[in-house]
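Count the sequence shown with our numbering and you get residues 4 to 388, in order.
Don't be surprised by glycine CBs; every beta carbon is placed ideally from N, CA and C.
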Amino acid sequence: MDEGLAWAVPVVLATLGALFFAARRAGAAAEAQFWGSGFALSAAAFAFPLTDAVIPTKLIAFVSDTAFATAYLCYAWALVIRYEGHRLLRARVALLVVGVVAPIYGIFVVDSLPAEVLASDLTCMAQLAFALVTIRRWPATWIDRGIVAISWAIVAQNLLLTASIPLTIAGADPTEFFGTTYSDLMFSWALLTYLGFALLALSAVMSELVNGHRNDALVDPLTGLLNRRGLDQAASEPRPRQGDGVIVCDLDRFKQVNDTWGHEAGDNVLQAFAELVRKVVGSAGVAARTGSEEFVLYLPGAPVHLAASTAKVLQMAMHRFDWSSTGITGPQTASFGVSTRRHSEALEHALRRADRLVYTAKRNGRDRIEVDGSSDGLKLSVATA
């Protein structure tokens with residue numbers, strides 16, 4: 004075997020493993036840790052046999068087979084995490100144990116390279132195939148479908164290598180591995196399939212990482228609602244011609260909450276209110292925290308009377324909520340301004356009208372809903388229940 008090719012495989016795999024670890028440190032999902040571990044272990048498994056000049060051959064074979072078995076468990080677990088497969092951890096660990104113990108028989112008992120390779124290939128193939136057949140969520144994107152397809156290709160590759168054993172390493176002992184046709188096939192195929200496998204998985208992980216950071220830039224970290232940038236983006240999407248409902252709500256006397264019970268209680272109040280908002284809005288629109296205690300509910304296609312009804316539902320939900328769970332005493336109320344964003348209108352104009360109505364609600368005693376009736380020259384005021 005060409006020495007350059009022999010070293011190219013572990014170097015490439017180690018580099019790919021390092022990229023997965025870097026992605027995990029940058030905030031990628033937990034699967035990146037297992038992808039990285041799998042490729043790092045595979046790199047070690049391919050590299051260790053190249054040290055046969057200084058390390059006993061049988062020890063090399065045992066360590067390499069163990070590294071391969073563990074690497075395939077890592078690949079399997081990454082697939083389970085990514086595609087919500089059945090975990091079945093005990094069964095997977097049992098396969099790992101078999102993958103470590105079975106090659107020992109070929110290495111140390113019968114001193115047979117075919118027996119060792121057969122045991123290692125079959126258990127690695129079984130580990131990956133077991134993960135694939137337990138996938139519960141069918142991949143939705145072409146990248147994910149590619150990952151599943153190339154995973155099955157690796158299973159098939161292992162099966163073909165296993166079937167080739169009588170022709171490629173018949174009668175050899177573990178010390179003769181690098182003189183066999185099997186080793187040439189194994190390293191050549193590995194460079195292609197592992198590279199494709201890794202690049203697809205890395206593309207999927209990095210794509211989600213980038214999208215996650217992009218989404219983080221649109222979300223308020225305390226409440227999980229959109230921030231102002233996220234609201235602007237949501238409001239820029241194509242809209243129905245009849246206009247959209249806009250509700251601005253401002254928590255009443257929120258500064259007193261922080262001054263009296265502390266900022267932790269204040270944060271709890273904000274989070275509890277955000278959860279009420281989420282339940283009320285549901286799939287009818289989006290909600291954002293646009294200021295310290297100011298929130299906006301944006302309801303595409305909702306006329307003003309429907310937006311006013313939504314504000315009323317939220318107000319009543321606040322009245323029913325047990326605010327003592329947040330660390331404060333007594334109720335927490337809010338003042339609401341309800342407006343409509345016309346089809347051709349900038350969001351900012353509708354928000355300004357709703358803001359003015361919020362101040363009107365506060366002047367009129369707080370815990371009120373002021374509704375913009377400017378389309379017919381009328382302003383409605385809905386007092387607290």
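Under the rule that a run must span 4 or more residues, the alpha helix (DSSP H) segments found entirely inside the stretch 140-178 read 145-171.
Taking the Cα of G304 as reference, the smallest distance to any Cα among S286, Q318 and M321 is reached at S286. The shortest C-alpha to C-alpha distance from V15 to any of A48, F37, E348 and G30 is the one to A48. Judged by DSSP secondary structure, R281 falls within the alpha helix (DSSP H) whose first and last residues are H266 to V284. For the stretch 182-267, the continuous alpha helix (DSSP H) assignments of 4+ residues that do not extend past its boundaries occur at 184-219, 231-238 and 257-264, in sequence order.
Here the stretch 175-192 does not lie against the stretch 132-148, with fewer than 3 beta-carbon pairs under 8 angstroms apart. Beta-bridge partners assigned by DSSP to S338: D253.
Per DSSP, F298 is not a residue of any alpha helix (DSSP H); the beta strand (DSSP E) it occupies stretches across E297 to L302.
For I110, there is no enclosing alpha helix (DSSP H), since its DSSP letter is neither H nor E. Here the stretch 95-106 makes contact with the stretch 54-72; the two share three or more CB pairs at distances below 8 angstroms.
Between F111 and C77, the beta carbon gap of about 26 angstroms keeps them out of contact (Cβ cut-off 8 angstroms). In this structure G269 is not in contact with T343, their Cβ atoms being roughly 32 angstroms apart against a cut-off of 8 angstroms. Restricting attention to alpha helix (DSSP H) runs no shorter than 4 residues, the stretch 39-106 encloses them at 60-85, ordered along the chain. In this chain, the beta strand (DSSP E) harbouring E373 covers I372 to V374.
Contiguous beta strand (DSSP E) elements confined to the stretch 311-361 occur at 337-344, taking only those with 3 or more residues.
R369 carries a coil assignment under DSSP once its states are collapsed to helix, strand and coil. Closest in alpha carbon position to L221, among L234, V213, S210 and L212, is L234.
Taking a 10 Å sphere around the C-beta of R256, we find fewer than 16 other C-beta atoms and assign the residue as exposed. Looking at the DSSP output, V307 sits in no beta bridge, so it has no partner there. Per the DSSP secondary-structure output, R28 pairs with nothing in a beta bridge. V289 is bridged by DSSP to Y301. Nearest to R232 by alpha-carbon distance, out of A204, V299 and E179, is V299.
By the 16-neighbour rule on beta-carbons within 10 angstroms, V213 is exposed. In the DSSP assignment, T137 falls outside any alpha helix (DSSP H) and carries neither an H nor an E. When Cβ pairs closer than 8 angstroms are counted between the two stretches, the stretch 84-103 is seen not to touch the stretch 39-53, the count staying below three.
Contact between N271 and T329 holds: CB atoms are separated by about 4 angstroms, below the 8 angstroms threshold. The three-state reading of DSSP puts G294 in coil, since its state is none of H, G, I, E or B. A residue is called buried when at least 16 other Cβ atoms come within 10 angstroms of its Cβ; N161 meets this threshold and is buried. In this structure, L317 places its C-beta atom within 8 angstroms of the C-beta atom of L279. Within the same chain, Cβ atoms closer than 6 angstroms to the Cβ of V307 are found at T343, the five residues on either side in sequence being excluded. Taking the Cα of G376 as reference, the smallest distance to any Cα among A310, A17, R292 and F42 is reached at A310.
A364 sits in a helix when the DSSP states are folded into three classes. Going by beta carbons, Y301 and V289 fall inside the 8 angstroms limit.
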